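To keep things clear, I will list the structure first and then write my remarks on it.
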Amino acid sequence: MSTTIESHAQPAPVRRPLLRRLIGFNLLSALILGVAGYYLGWFIGHQLSTSKSFEFISATDENDVALLLAYLFGVIGFLIGLGFANYPVSRLLGRPASLREKEDEGIGRYFGLCTDHKVVGIQYLCGIGLFLFIAGLNAMLIRTELLHDVPTTVGPNQYLSLVGMHGAMMMGMMTSGVLGPFANYFVPIMIGARRMAFPRIEALTFWLLMAAGFILTSSIFFGGFPTGWTGYEPLNDQAVMGMDSYIIFFALVGVSMCLLGLNMIATIITLRAPGLTWSRLPIFVWSVLATSVLMVLSAPMLIATLAMAALDRTINTGFFIPGAGGSPFLFENLFWFFGHPEVYILALPGFGIVLELLPVFTRKPLWGYRLAVSGMLGVALLSFFVWQHHLFVSGINADLRPFYMLSTEIISVPTGFIFLCVMGTLWKARSSFSVPMLFCLGWTFNFLIGGLSGVFLSDTPSDTDTHGSFFVMAHFHYTIMGGLIFTFFAAIYYWVPKMTGLRFNERLSKWHFWLMFIAFNSTFMPLFVLGMKGMPRRVSSYAPNLHGLNVWVSISAFVLGFSMLIFLANVVWSLIVVRLPAEANPWRSKSLEWQVPTPVPVNNFEQIPVIDSDPYDYGTPLNIGGAGATPATAGT
Amino acid sequence: MSPLGKKVIGIGAGVAVVGVLIALYVASWATSFPRSVAAAGSSTTTGVSTQLTLQTVAAVGAKYSPEHPDWVSYLVQSHGKWIHSTDYRVPANSVVHVTVLQYDGDSGLRNPFLSEVQGTVGGTETVDGKTINAINPEEASHTFAVPELGILVPLPGVEEEAKNQCEFAPCTLAEAHRTISFTIHTHKKGRYHWQCFVPCAAGFLTGGGGPMQTLGYMDGFLDVV
Amino acid sequence: MAEPNHARRFTILWVVASLIATPLVIVLLGPILPPGNGSAQASGHVTDNTVLLAMATPVLLLVVIYLIYAVTFFRQPKGGILEGPAVRGNQRIQTVWIVVTSILVLSLAVYGTVRLEEDGAGSGGGPSPVVVPHGKKLQVQVIAQQWEFTYRFPEYGGVEVPHLELPVNEMVEMHVTSLDVIHSFWAYQLGVKADANPDVDNVVFVKPTKEETFEVRCAELCGIWHGSMFDHGHVVSREAFDTWIAEQQTKFAAATKSLPPYSHTYLPEPTRRAE
């Protein structure tokens, strides 16, 4: 097993002239064809709008048909330019088609269609990181405005667009936030496979997400959108063209989610190595499986709902318009039928990462493996039965409310299983507090607060005061940011030494964690108070007596943003400037992905391993003198 | 450092510069407001008062708004010129006379309750010389309303058959219009929003989108300073 | 050296902390919990929040004290490579946990349902709410539009007013509806929240119990001035209310003449795209 870390040896052959290298199916052609598709779609839309049925377009100066077609054709052109049509077209024409794309080229393969799941994992990490950064900047602008109690720095339209873009971007990106980078990279290795079940689809999910992110940010050129990330009708129908950016963004995110989930399910079910029974599957892979099932079942609902909204905006259908016999309630229900499983899509991978990392740093097996699996599957199943808790005060049939109160309360039981497994793994452990471990412990505290506040929200009488207020904001930021994002960073600090062979600077990493943890709690804990004192969501005017608390929150938010800059500095310093090599298995993990060499070879394994146990073989058996009196043999 | 490392740093620096430029662009987009225009001050024997003169037009025209030439809009008069802004500055604790030159046709109120004048001196408005306290809700073209100060003034529209109607801003007194004036008292300092309540945004759902939801057209700020 | 009995130590720590904290929370925090006692429904919320907080405190303390305890006592010595005990689970603890959490959660659900069905808890219950109080109810319609709330009194000639006043100690039946997009009527001190949906009648019952000013805010994003869509209402004595409503009927006589007949929902023109 090799422990030397070298950057990829450059192949010696003659480099083709620049022009020859630029022509082909790569990012440049994708951008050119994307722009061409955009203008083609706009042209078609413009022609359509000259017909009598679309007279309102000249009165409104808003051509939604043109923009929607422009975006769709642009995305199609973009994907064709990258080379996604090559395989189907080759097969249609009866030509031999390649199954692998770009897997041996140098750094260029990170900028195009590459079927190596490890490359896609790193592409995801960088792409999602970029859009998270943009959404974070939006948050900083939002908090700058909230330093004042009347609209002062940011115009009210732009404020709502910032709020919407921040929410939509974060939700869209973090849906695949863990599955994209880490599941794509490590699930095949963890299950002893050479690749994912559908490598080309895997690459497609990444590029769809990138196109989607770009489209959402382009909404500022079309007036932004005023509905927030939930896109409620009829405000959705009233909005200017920027709303179409949101619609296409979420539709593409939905397609990407659905395909990603499908790929994961197929891989985990069919490509496991011999001996890897379901009871030996790493807990992270179980969480990926549960998340994928949710993705596959809920994303199509989102896509259908957005299609209806787009039809309402363009050809004047009336799905959600009361004057046409439609109902805004329908939108709320359809959206939240997707929306609630969506937030469990965000929560489950976090559970998986924490339970996967804790055994490594506590040097004990995972406590309650079966309980953890049933917890995850229970959460996944129940998540489809709770969505109307978002509609408690909306005027739904009042007979339904006790049922949804019950189902929402019950879903906290399987969530509690995860906490019991965390606590059980920590019991009498030998914990070392590396940065990934710190983030996992941070998750435990944050998700506890988030989860308990969820119990308040699930109680209808209590929800009457807190629905639509900053209390809800605090709840979901604690569960999603305090939960998922903390585990996202845990996964980065844990696995990037494997992905790159380089180690992070310990001091910067610890500064990042502590500043982020303290600033995060300082920012979001007061939001519970603000909500209970009567501040609604998505406002830039609030009661003057809440001014001081808002200033405190904004300043904490700026410190939180600064901690992200520390992380960026850490990335640049450790991975680009200094590039200190990491050990082969710095965490002494017994998991399969740490037993392959770094850099991981293209085909992952020389020989497919035969699995004979789960990866939690830590600890000394109890009948030898109690809690680890004898030093155990290190790693492999 | 390896040549690869140098290349990556070079690309990284380029990306950082582009990133900062983009962030500055987004910040400037986010913080753009219509220009704040001060109402004209004047002194009379009864004391200091301010005059705010506005006009409403059916389509603002490409000269004032290249991106939305067909949108309905308010304009304000400042130093004899018409400016496309809805951010008005008036002094606190004073009397403000408001004159609105109404060049747009009627759309009708969705809530006829808003056809009665509220919050002005005397609870009335003067339309083409006649002092009234309510209009026919179907004749409403726009409103000048500051909900936080309890001010609501419905503005009747130009009749459909009127000759010489104004097409694009700025409109002149020679074209068909109604002259509406009212007086308000300002008290505490603050930044209040004002809006139109008539569904006058042609082509949008319930007449409430587009110009009705964009600063600079049918909504704005009243800065009491 | 004998290993201390961690289980006993931790349990004592947790039980003592809970026994101290929970009563403190109930006694000190309970009375100041929002939304205050402005109405029967709001007082109900204060009680509910106190109960929830009292149940959440031991759970919070359990996990937080456990984390601190584990981080303090179950450590790897500096530079060490020791392993912990290879324990994979404990059937008894798991069963106890499942049973206790299920009981806790189910009892909360039952409690919430009972409180909800007692008086509607000030939350919008749709056009035909399950719980309808007996006796006379003052009918008030809340009309939400972009971006203002107006209020209509069908029992007083259908007069519509821009600010709300309610008589104290009388049951009010509010019909919340919207003219254009989804808004939400949130009267903070009264503990009332009901979404205003176009073409839907959302009914909520409230009985104000204190003569005070209450704040009304819109709680559902409805466009550019969502944050500025707020109002102040007053709860006054019956006599003051009678005087006030008579004044409003005179003041808004002209507007009342142009109003459509009172109905639970309205769909005024334009209902689709404006011409």
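Line by line, the protein sequences give chains A, B and C. Under the numbering used here, the first residue of the first sequence carries the number 31, and numbering increases by one thereafter. Under the numbering used here, the first residue of the second sequence carries the number 15, and numbering increases by one thereafter. Under the numbering used here, the first residue of the third sequence carries the number 83, and numbering increases by one thereafter. The C-beta atom is built at its ideal place from N, Cα and C for all residues, glycine as well. Model, not experiment: these values are computed from the prediction.
- A direct Cα-to-Cα measurement between T438 (chain A) and A124 (chain C) gives close to 23 Å.
- A Cβ-Cβ distance of about 6 Å is found for the pair L605 (chain A) and T530 (chain A), placing them in contact under the 8 Å criterion.
- Segment contact: the segment 147-160 of chain A against the segment 215-229 of chain A, three or more CB-CB distances shorter than 8 Å; contact assigned.
- Against L261 (chain C), the close residues of chain B are R124 and N125, in the order they occur along the chain (beta-carbon pairs closer than 7 Å).
- When the Cα atoms are used, P312 (chain A) and G649 (chain A) turn out to be separated by approximately 17 Å.
- When CB distances to chain A are screened at a threshold of 8 Å, the residues of the segment 79-111 of chain B falling below it are E81, H82, P83, D84 and W85, in chain order.
- Just measuring C-alpha positions, the residue of A:Y399, A:L192 and A:V559 sitting nearest Q176 (chain C) is A:Y399.
- Cα atoms of T67 (chain B) and T113 (chain B): separation of roughly 5 Å, rounded to the nearest angstrom.
- I185 (chain C) counts as exposed, since fewer than 16 other C-beta atoms from the protein chains shown sit within 10 angstroms of its C-beta.
- Proximity of chain B to I152 (chain A) at the Cβ level (cut-off 8 Å) is not reached, the minimal Cβ distance being about 14 Å.
- Given a length threshold of 3 residues, each whole run of the beta strand (DSSP E) inside the segment 100-177 of chain B is given here in chain order: 101-104, 108-116, 139-141, 144-146, 154-160 and 165-170.
- Judged by DSSP in its simplified three-state form, H76 (chain A) adopts helix.
- Separation of L412 (chain A) and I441 (chain A) (C-alpha to C-alpha, rounded to the nearest whole angstrom) is 6 Å.
- Between A89 (chain A) and A216 (chain B) a beta carbon distance of about 4 Å is seen, short of the 8 Å cut, so the two are scored as contacting.
- Closest option to F516 (chain A), judged by alpha-carbon separation, among A:F469, A:V626 and A:M201: A:F469.
- The C-beta distance from L487 (chain A) to A612 (chain A) rounds to 43 Å, too long to meet the 8 Å contact threshold.
- A Cβ of chain C is located within less than 8 Å of the beta carbon of P395 (chain A).
- When 7 Å is used as the limit between beta carbons, G305 (chain C) is near these residues of chain B: Q227, in chain order.
- Using a C-beta cut-off of 8 Å, the segment 179-199 of chain C makes contact with the segment 441-454 of chain A, since at least three inter-stretch Cβ pairs fall below that distance.
- Considering only B:A44, B:F211 and B:V104, the residue with the shortest C-alpha distance to L169 (chain B) is B:F211.
- Taken atom to atom, the span from the alpha-carbon of A242 (chain A) to that of S248 (chain A) is near 10 Å.
- Its chain contains Y117, N178, Q179 and C180 as the residues whose beta carbon lies nearer than 7 Å to that of E189 (chain B), once the 5 sequence neighbours on both sides are disregarded; these appear in chain order.
- Within a 10 Å sphere around the beta-carbon of N279 (chain C) sit 16 or more other beta-carbons, which makes this residue buried.
- Contact annotation, C300 (chain C) with P566 (chain A): C-beta distance approximately 7 Å; criterion of less than 8 Å satisfied.
- Its Cα nearest to that of F279 (chain A), the residue A:G104 stands out among A:G104, A:R225 and A:K132.
- The DSSP-derived three-state label of I225 (chain C) is strand.
- Listed in chain order, the non-local C-beta contacts of L171 (chain A) below 7 Å within the same chain comprise V184 and L192, local neighbours out to five positions each way being set aside.
- Remark: three or more beta-carbon pairs, one from each stretch, lie closer than 8 Å, so the segment 542-550 of chain A and the segment 591-610 of chain A are flagged as touching.
- Of A:H419, A:G202, A:G124 and A:I299, the smallest CA-CA separation from A191 (chain C) is found for A:H419.
- Restricting attention to A:N56, A:S424 and A:M271, the CA atom closest to the CA of I137 (chain A) is found in A:N56.
- One thing to note: F475 (chain A) has its Cβ no nearer than 8 Å to the Cβ of V208 (chain A).
- In summary, I426 (chain A) is buried, with 16 or more beta-carbon neighbours lying within 10 Å of its beta-carbon over all protein chains present.
- Assignment of G369 (chain A) by DSSP, reduced to helix, strand and coil, places it in the helix class.
- About 6 Å separates the beta carbon of W96 (chain C) from that of L143 (chain C), a gap short enough to meet the 8 Å contact definition.
- Straight-line spacing of the CA atoms in T193 (chain B) and Q69 (chain B) works out to 9 Å.
- With contact defined as three or more Cβ pairs closer than 8 Å, the segment 329-340 of chain C and the segment 264-280 of chain C are not in contact.
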